[in-house]
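For reference, the structure discussed in these notes is given below.
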DNA sequence: ACAATCCTGACCATGACGGTCGGAATTTCC
DNA sequence: GGAAATTCCGACCGTCATGGTCAGGATTGT
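This is the structure we're talking about:
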């Protein structure tokens with residue numbers, strides 16, 4: 035029951051794109067630098083995000099990626115879906131589940147529970163947008179700019 | 035973002051123990067038969083559940099396992115915790131996380147999100163008890179006893 | 001004694017995951 | 001035109017958790 039690093043990285047990359055929104059494309063080299071993430075890996079993720087329609091790419095010297103929509107209109111759920119596929123605690127509650135393929139469907143005591151769980155997870159992720167994420171963060175930074183944690187100094 | 039089969043199996047086993055509650059121990063051989071799960075694997079899980087204090091074992095011929103508490107008093111969260119460890123979407127929101135060990139803690143845009151997510155998941159699992167699970171199921175069976183799905187015929 | 005059961009530890013195969021690499025295609029700048 | 005910066009793509013790889021098996025020991029009822 036954990037979010038893959040892939041999804042986490044993807045989200046971190048998307049928040050960077052969100053910050054740069056409206057100011058031209060941001061290269062993944064930049065993202066890798068800022069977020070201290072492996073560049074080659076981000077390339078893969080960026081590809082998924084592009085194919086998923088969340089970002090568009092510009093090649094060449096001043097190229098990079100930019101969001102196809104305003105950060106307010108992109109939910110975390112979309113990002114997670116795009117890089118990680120549907121979040122589903124067990125197979126039989128995913129949307130492409132074919133009724134009957136689980137032999138125990140009729141007598142399953144816990145399917146209702148898993149459906150509730152999925153709904154609950156989806157709800158949290160759907161409610162949160164990229165805009166909120168970067169907004170929350172700037173709030174945090176504004177509140178405590180003079181007290182950097184000694185342990186959190188560098189990468 | 036999925037529940038491991040381990041947790042799922044563990045829960046299924048626990049619902050069987052819950053059904054048998056008050057009527058002596060239930061052997062894992064029985065559980066394996068009823069739930070169509072691999073016996074040797076269930077043995078492992080049963081061990082975890084016992085060490086976690088959720089069930090107690092009786093050895094010997096009419097032995098087996100029985101819940102240490104009434105099914106109303108055992109939440110799904112406990113079961114999942116016991117077999118799978120804490121459910122935590124990312125490391126930095128687990129209970130044993132040492133503040134500061136994530137270098138980006140101060141500037142992390144998404145930690146709040148993950149905490150909310152964890153809380154939401156925990157809430158759903160905490161609210162549901164074994165008793166509810168088997169009760170829901172008997173409801174289901176009572177409502178549609180005469181209409182078995184054609185595709186769900188065998189194991 | 002024997003059979004049923006729990007108990008333990010070791011073992012194993014598979015697949016997902018996180019990550020790297022090499023190189024091709026595209027674009028801008030000089 | 002050429003070099004540099006970038007996206008793009010496919011292949012590859014090591015590690016680790018997972019799901020599962022196996023052999024055998026310990027315990028207990030009949």
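Chains as they are written, first to last, in my numbering: chain A, 35 to 189; chain B, 35 to 189. Idealized CB from N, CA, C, for every residue including glycine.
According to the DSSP secondary-structure assignment, residue 99 of chain A is paired through a beta bridge with A:60, A:91. In this chain, the alpha helix (DSSP H) harbouring residue 49 of chain A covers 39 to 53.
Taking residue 115 of chain A as reference, the option from A:169, A:168, A:155, A:166 with the minimal CA-CA separation is A:155.
A Cβ-Cβ distance of about 7 Å is found for the pair residue 91 of chain A and residue 97 of chain A, placing them in contact under the 8 Å criterion. Note on residue 132 of chain B: under 16 other CB atoms within 10 angstroms of its CB, so exposed under the neighbour-count rule.
Residues of the region 88 to 118 of chain B with a C-beta atom less than 8 Å from some C-beta of chain A are 110, 114, 118, listed in chain order. Around the C-beta of residue 95 of chain A, fewer than 16 other C-beta atoms lie within 10 Å, and the residue is accordingly described as exposed. The three-state secondary structure of residue 133 of chain A, taken from DSSP, is coil. Cβ proximity to chain B below 8 Å picks out 41, 42, 45, 46, 49 from the region 39 to 66 of chain A. For residue 147 of chain B, the residues of chain A that pass the 7 Å Cβ criterion are 110, 162, 167, in the order they occur in the chain. Ranked by Cα distance from residue 84 of chain B, the options B:75, B:68, B:69, B:102 are led by B:102.
Look at residue 128 of chain A: its C-beta is not under 7 Å from any C-beta on chain B.
In the three-state reduction of the DSSP assignment, residue 109 of chain B falls in the strand class, which pools E and B.
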